[in-house]
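Before any comments, here is the structure.
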Amino acid sequence: MTLDQVKPGGKCRIKSLSVRDRLSQRLLDMGVYPGLSVKVIRNAPLRDPMEIELSGYCVSLRHDEARFIEVDPS
Amino acid sequence: MSADSIIVALAGQPNCGKSTVFNALTGASQHVANYPGVTVEKMVGWSKANGRKMEIVDLPGTYSLTSYSPEEQVARDFILHDKPSVVVNVMDASNLNRCLYLTFQLLEMEMPLVLNLNMMDVAERNGLRIDTEKLARRLGIRVTPSSMKNGRGKQELLDSIAAVADAAGSRGNLPRIDYGPMEVFLREIEEKIKAETSLSGEYPRRWLAIKLMEADREVQSLIREHHADPDGFLSFVDVKRTEFERENGLTTEMHIANRRYQAAADIGKSCSESEKENKITVSDRIDRLVCHRLAGPLILVGVIWILYYLSIVQGYNLTNYTWPLLAKLRSLAESVLPAPGFIDIPLLRSFVLWFVDSINALLNYIPIFFILFSLIAILEDSGYMPRMAFIMDRLLSRYGLHGQSTLPMVLGGIYVGGCAVPGVMSCKGIPDARSRLATILIIPLLNCLAKVPLYVLLINIYFAAHKGLAMFFISTISLLMVLPVAKALTMTVLRRMETAPFVMEMPPYHLPTFRGVLGRAVERVWLFIRKITTIVAAVAVVIFALLQFPGLGAERQGHYQALADKALAEFHAQIEATTYAGPLQGDGVTDLINYWDGYKTEKSQAGGQDKAAAVDEEFKGINPVFFSIVNAEGGPEAKKVNRAVKKLDRARRMLLLDMRKERIDRSFLGRMGQALEPVTRWAGFNWRVNVALLSALAAKESSVATLGALYEPEEGGEALEERMARTEEGFTPLHALALMLFMVLYPPCIATAVAVKLQSGSVRWMLFSMAYPMVLGLSVATLVYSGGAALGLTGLQAMFAFYGLALALTIVMGLVGNKSDFA
């Protein structure tokens, strides 16, 4: 399962990033890394992008980016 | 630089209060420049503490120090190459864990580091207690807490900087992150770097090794420059990376980030204690409304409306108070310059007045900009900006733009009345290079304030019966053209530009401080004045020359002189019998006319009866005879002369206008207008319109002023609308529509072009931003005029047809699929 499929309110644990270079480095630098638990807070009014809560802060990203984040629902 | 002066760099993540620290340390002595080759701003300030001078460089706020974004690269290069004596790592005390991620990278670069835990007040309010001494012990560096917003901790930070600078060279054992199974690989690479390159002295070896494991492009090219067999070395590293990834089932980047975050969490846990959980709940509660599916967009529209209302509407009202000051400046110039003759105006006089008018036209916007910049600072400081991007991204990204294009577009004027200059300037925040450039290029096509006078003029003449409708058309059509144009640019000329991920932090809401907002607004207004007005002044000179030269020939000059002499002779014959004949002989009458003009100006600027009376007294004192003529006081003779002078003055003004018109006709700009007519004919523009449009290159307000000069009044007081309608009988609403659409797509004014150059960092893009709207505008105007004429459409029908076309194009372009940038 990938992060873009998680509905608002849903929680999950990041398994891996299936992308390299620019996007993966950016996600890692913003605190999206394997092993972390995240919660999907909401989608934007036009559905995209989405907002997620990491450990103590929030980040928004496009679904097109979230689909490279593999997660386990929890 | 003297020996006891040191360089201090401020590094930190976005939203950590770094600029507050910078302002607190440097006060008013700051300077903005650009890093060479990129459009990233370099903030430098100066400070003095304990007898030591400090040059403080505020590095761009970055989450990390990779080579993927220009900001991160600039920050990293500065630290590595300029070798600051001390790096201050500013961090948000409430966000210890995440901020330490950057700290570890700075530690790996082996810089003399001071950790500044800023915003301690917020952390304490949230029930967070941080053991700074323990933190300092664990990290092996100095840690100073502060809340610079309230002025706490400044001296302690300065002391720490001084202490670290003094201890330079005697660095203790820095703790290092244990990269676990990667350590063996790192050691191997380090050994090879040491043995085979000369990089060891210049760069920390371990840092190089880590970066190579991350496949950092910049470090790879360093190796290429400094290694005898770079390909062999780099493929060795590649083999090692693949080996590591196979053994550990993780990419190297992921592993490195994981270890850093684990270490951060470990230190965070042992050094801080939190009484309350979830500090993001307040922001979350606000966001439930602000990002709500229905309420969110409504609030956004409301915020934009308030922004417009306060800056454009109220700011414009404010110019009613500031304009008299600028008018005073002009009349001061008038009084100092050589006085005009009867029909020959000294070149110096007309030049300086033109110059003052050009600058005044820009300075007049300062109240608007001041309000605008203050409001933007409030939006930035409050944290609403990322929400705006969050709401709009879906819509704008369909057209190759970015959520963060919202603010620039609002400033540029998505309805009516913006200004492209602050619009283009605010594009800086868009992280994605391609969307940023697309936004910069389309902003001049939005409806800025200066385009409005021409719309109003044409609508009043040619769409008088449908004013509301026509105004709505012109206000909204620009957005319908801008979106498909942005998409088209993205798909063609910008196709190969680099893009960046959207991933964006949604920081908690903050209450902006008065000082912070005011400071930023003043700083940006000042920047605007310095950067823009100097260029506009230079261009004003060029346009003046183009309009003024080659000027009237001797023969034409003689023709006008004869007309003037005739009018003068008539005048003298009329007043011959009066007692005023004497003082008005020779230059006397010119003196009187100038005296009268001066009197009128002073009177109009005098507010209140007392001041008006004072002006009367003053002018009476200067010349009592003239005064009695001007006010027609002193019997029937004075009245008669008063009438005669008025008549003469009218004749003179007519002559001056005729001369001006002829001078423009014969000027270089006039000739260009005539030369262009064969092309612009298809768009319905005659050469007069061409001249008006060309003169608008400097500033769009000029279009109406030039048209005013070209369509000279025959009777005093006739409005330009009537004159234009009378003189241009062949001009139809269809012509007007084509002209208005051309104005929508008009190339950026000089000030905007300068802003485009600053923000895109290239003259080529500036030239492109001027050329493509011209081609596009002419094509659209030709389509509307020639197409409309061929189909026999009226202006109104053509308007509807074009609107339908633009709407259809916008929808189609929005549906054209975006290819994923990461697939």
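Protein chains in written order, with this note's numbering: chain A, 1 to 74; chain B, 1001 to 1823.
Ideal Cβ positions, reconstructed from N, Cα and C, are used throughout, including at glycine.
Since this is a predicted model, take the numbers as computed values, not measurements.
Contacts between R47 of chain A and chain B, judged by CB atoms closer than 8 Å, involve R1394 in chain order. B:P1733 is the residue among B:P1733, B:V1756, B:G1061, B:S1762 whose C-alpha sits nearest the C-alpha of A1798 of chain B. By the neighbour-count definition (other C-beta atoms within 10 Å, threshold 16), N1034 of chain B is an exposed residue. The residue from B:L1100, B:Y1785, B:P1636, B:F1619 with its alpha-carbon nearest to that of A1265 of chain B is B:L1100.
By the Cβ rule, the segment 1500 to 1520 of chain B counts as touching the segment 1280 to 1296 of chain B, because three or more pairs are nearer than 8 Å. For E1191 of chain B, there is no enclosing beta strand (DSSP E); the residue is part of the alpha helix (DSSP H) that begins and ends at 1183 to 1196.
In this structure, the beta-carbon distance from K1018 of chain B to G1012 of chain B falls below 9 Å.
Distance between F1571 of chain B and L1318 of chain B, taken at the CA atoms: about 44 Å. The beta carbon of C12 of chain A does not come within 9 Å of any beta carbon belonging to chain B, so the residue lies off that interface.
Inter-residue distance for L1059 of chain B and P1338 of chain B is about 52 Å (C-alpha atoms, whole angstroms). Taking the Cα positions, P1324 of chain B is about 29 Å away from R1515 of chain B. Annotated three-state conformation of Q1585 of chain B is coil, per DSSP. Listed in chain order, the non-local C-beta contacts of S1703 of chain B below 6 Å within the same chain comprise L1454, A1692, A1696, local neighbours out to five positions each way being set aside. At a cut-off of 9 Å between C-beta atoms, L17 of chain A counts as an interface residue with respect to chain B.
Of the other Cβ atoms in all chains shown, fewer than 16 fall within 10 Å of the Cβ of G1341 of chain B; this residue is therefore exposed. DSSP, reduced to helix, strand and coil, places H1572 of chain B within a helical segment of the structure shown. In terms of beta-carbon proximity, E70 of chain A stays away from the interface with chain B, with every pair separated by 9 Å or more. Put simply, the backbone Cα of D48 of chain A is about 43 Å away from that of L1457 of chain B. F1369 of chain B and M1743 of chain B have their alpha carbons spaced roughly 23 Å apart. With respect to chain A, the C-beta atom of T1251 of chain B has a partner C-beta closer than 9 Å. Annotation: the continuous alpha helix (DSSP H) that includes K1639 of chain B extends over 1635 to 1666. Judged by beta-carbon spacing, E1380 of chain B lies beyond the 9 Å limit of Q1030 of chain B, meaning their Cβ atoms are not closer than that value. Taking each of B:L1469, B:N1360, B:R1206, B:M1409 in turn and checking the Cα distance to L1479 of chain B, the smallest one comes out for B:M1409.
The secondary-structure analysis by DSSP pairs V1057 of chain B across a beta bridge with B:A1009, B:V1044.
W1526 of chain B sits exposed, since fewer than 16 C-beta atoms from the chains shown fall within 10 Å of its C-beta. Using beta-carbon distances, M30 of chain A counts as an interface residue toward chain B, with a partner under 9 Å.
Contact note: T1732 of chain B does not reach chain A at a C-beta cutoff of 9 Å; the least C-beta distance is about 42 Å. Judged by beta-carbon spacing, R1246 of chain B lies beyond the 9 Å limit of M1213 of chain B, meaning their Cβ atoms are not closer than that value. DSSP, reduced to helix, strand and coil, places K11 of chain A within a strand of the structure shown. Think of a sphere of 7 Å around the beta carbon of S1064 of chain B: the chain A residues whose beta carbon falls inside it are D29, in chain order. A distance below 9 Å separates the beta carbons of A1093 of chain B and A1123 of chain B. Taken in chain order, the unbroken stretches of beta strand (DSSP E) that lie wholly in the segment 1493 to 1565 of chain B and span 3 residues or more are 1504 to 1506. Residues of chain A whose Cβ lies closer than 7 Å to the Cβ of N1248 of chain B do not exist; the shortest such Cβ separation is about 11 Å. Non-local beta-carbon contacts of L1135 of chain B in its own chain, meaning distances under 6 Å to residues more than five positions away in sequence, involve V1143, C1271 in chain order. For the set B:A1808, B:L1656, B:S1762, B:R1643, the Cα lying nearest the Cα of S1350 of chain B is the one of B:L1656.
Taking 9 Å as the cut-off, the beta carbon of D64 of chain A is found no closer than this to the beta carbon of Y1068 of chain B.
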